[in-house]
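Engineer: Sharing a structure, written as structure tokens. Questions coming.
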């Protein structure tokens, strides 16, 4: 065996969920993986403070992947992931939130398997639950919501998912990811179900220092978001549980006054 072959590490890939944005919301297991990384491929929504856990000599590669920012196509990322694993060793694929919640994590597992590369997954805290929770909005609450949907706001073909229409017919809490640019269309879907007064929250950059929130009803949420200058990345929460947020209490008081009048 040559000296060069001795130095080649066994290729392996670890898909790691980086959580919703706050660098402290990373698991201990994820930190352990980062500390052994030879290469880190990280997405746009990943807090770059997490890269400090990787060895100083590790290669760190930004690969984009957020709404409106596809710096690298998924195919290009797959190729990078495989090439780096074969030539460097341990690749940590660091993804915002959880790798399997609209993170295309399973697709990357398939690619690893196709190239006979060992791969594993470390779950991350999903923004779909954590971001509302940090604003004291539970996705389920006795008497208000017995279940919740997590739906993408934009499908691969750029259209709104049919699942959102089904979700709007239920009494469940509906959390929409990657949907801020289709907020008006989403509101119209709920209006068609007669849910004009349903409470809605739109939360930008949840769990970070840049966090902003707009709370309104389906009827008024588009204007409220515009006035609050909220933009991507943001999640949308629709459901009676949003009425528990302190900001909604002011809206409820206005409705009560109008109703009594």
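Residue numbers (the working numbering): 170 to 430.
A virtual CB, placed ideally from N, CA and C, is assigned to each residue, including glycine.
Given the structure is predicted, the values throughout are model-derived calculations rather than measurements.
(1) Is DSSP giving residue 351 helix, strand or coil here?
(2) Can you grab the Cα-Cα spacing for the pair residue 193 / residue 331, in whole Å?
(3) Express the C-alpha separation of residue 281 and residue 179 in angstroms, rounding to a whole number.
(4) Counting only the same chain and skipping the five closest in sequence on each side, list residues whose C-beta sits under 8 Å from that of residue 217.
(5) Bridge partners of residue 262, per DSSP?
(6) Per DSSP, residue 346 forms a beta bridge with which residues?
(7) Can you name, in chain order, every residue of its own chain whose Cβ lies under 7 Å from the Cβ of residue 391, other than the five neighbours on each side?
(8) By alpha-carbon positions, which one of 340, 326, 299, 292 ends up nearest to residue 311?
(9) Who are the near neighbours of residue 253 in its chain, counting only those whose CB is closer than 6 Å to its CB and skipping five residues on each side?
(10) Going along the chain, which residues of its own chain have a beta-carbon closer than 7 Å to the beta-carbon of residue 410, five neighbours each way excluded?
(11) Look at the Cβ atom of residue 184, then the Cβ atom of residue 268, and state whether they are nearer than 9 Å.
(12) Among 243, 364, 303, 418, which residue has its Cα nearest to the Cα of residue 294?
(13) Once DSSP output is grouped into helix, strand and coil, what is the label at residue 299?
(14) Contact between the region 356-365 and the region 381-390: three or more CB pairs below 8 Å?
(15) Only counting the same chain, and skipping five residues up and downstream in sequence, which positions put a Cβ closer than 7 Å to that of residue 222?
(16) Would you mind reading off the limits of the beta strand (DSSP E) that contains residue 255?
(17) Compare the beta carbon distance of residue 319 and residue 287 with 9 Å and say whether it is the shorter of the two.
Structural biologist: On the basis of the data shown:
(1) If you number the chain shown from 1, residue 351 lands on position 182. Of the three classes helix, strand and coil, the one that applies to residue 351 here is helix, per DSSP.
(2) Residue numbering aside, residue 193 sits at position 24 when the chain shown is read from its first letter. Residue numbering aside, residue 331 sits at position 162 when the chain shown is read from its first letter. Those two C-alpha atoms are separated by around 35 Å.
(3) Reading the chain shown from its first residue, position 10 is the one you call residue 179. Reading the chain shown from its first residue, position 112 is the one you call residue 281. Their Cα atoms are separated by approximately 13 Å.
(4) Along the chain shown, one-based indexing puts residue 217 at 48. Result list for residue 217: 211, in chain order.
(5) What you label residue 262 is simply residue 93 of the chain shown in a count that begins at 1. Paired residues: 184, 210.
(6) Walking along the chain shown from the start, residue 346 turns up at place 177. DSSP, once it has assigned bridges, lists 321, 404 as partnering residue 346.
(7) Here residue 391 corresponds to residue number 222 of the chain shown, with the count starting at 1. For residue 391, where only same-chain residues beyond five positions count, the Cβ hits under 7 Å are 352, 353, 356.
(8) Along the chain shown, read from residue 1 onward, the residue named residue 311 stands at position 142. Put simply, of 340, 326, 299, 292 the residue whose alpha carbon is nearest the alpha carbon of residue 311 is 340.
(9) The count along the chain shown starts at 1 and reaches residue 253 at position 84. Contacts found: 208, 260.
(10) Residue 410 sits at position 241 when you count from the first residue of the chain shown. Setting aside the 5 residues that flank it on each side, residue 410 is surrounded in the same chain by 306, 307, 308, 310, 313, 314, 342, each with a C-beta closer than 7 Å to its C-beta; the list follows chain order.
(11) Here residue 184 is taken as the residue at index 15 of the chain shown, counted from 1. Here residue 268 is taken as the residue at index 99 of the chain shown, counted from 1. Yes; because the gap between Cβ atoms is below 9 Å, this pair is in contact.
(12) Within the chain shown, residue 294 is the residue found at index 125, counting from 1. In terms of Cα proximity to residue 294, the closest of 243, 364, 303, 418 is 303.
(13) Position 130 of the chain shown, counted from the first residue, corresponds to residue 299. Looking at residue 299 - three-state DSSP - the assignment turns out to be helix.
(14) In short, these stretches touch, since the Cβ pair count reaches three.
(15) If you number the chain shown from 1, residue 222 lands on position 53. The beta carbon of residue 222 sits closer than 7 Å to the beta carbons of 200, 203, 204 from its chain, once the five residues preceding and following it are set aside; these are given in chain order.
(16) As a first step, residue 255 is located in the chain shown; it is residue number 86 there, counting from the start. That residue, residue 255, is in no beta strand (DSSP E); its alpha helix (DSSP H) goes 243-257.
(17) Within the chain shown, numbered from 1, the residue matching residue 319 stands at position 150. Within the chain shown, numbered from 1, the residue matching residue 287 stands at position 118. No, they are not a contact pair.
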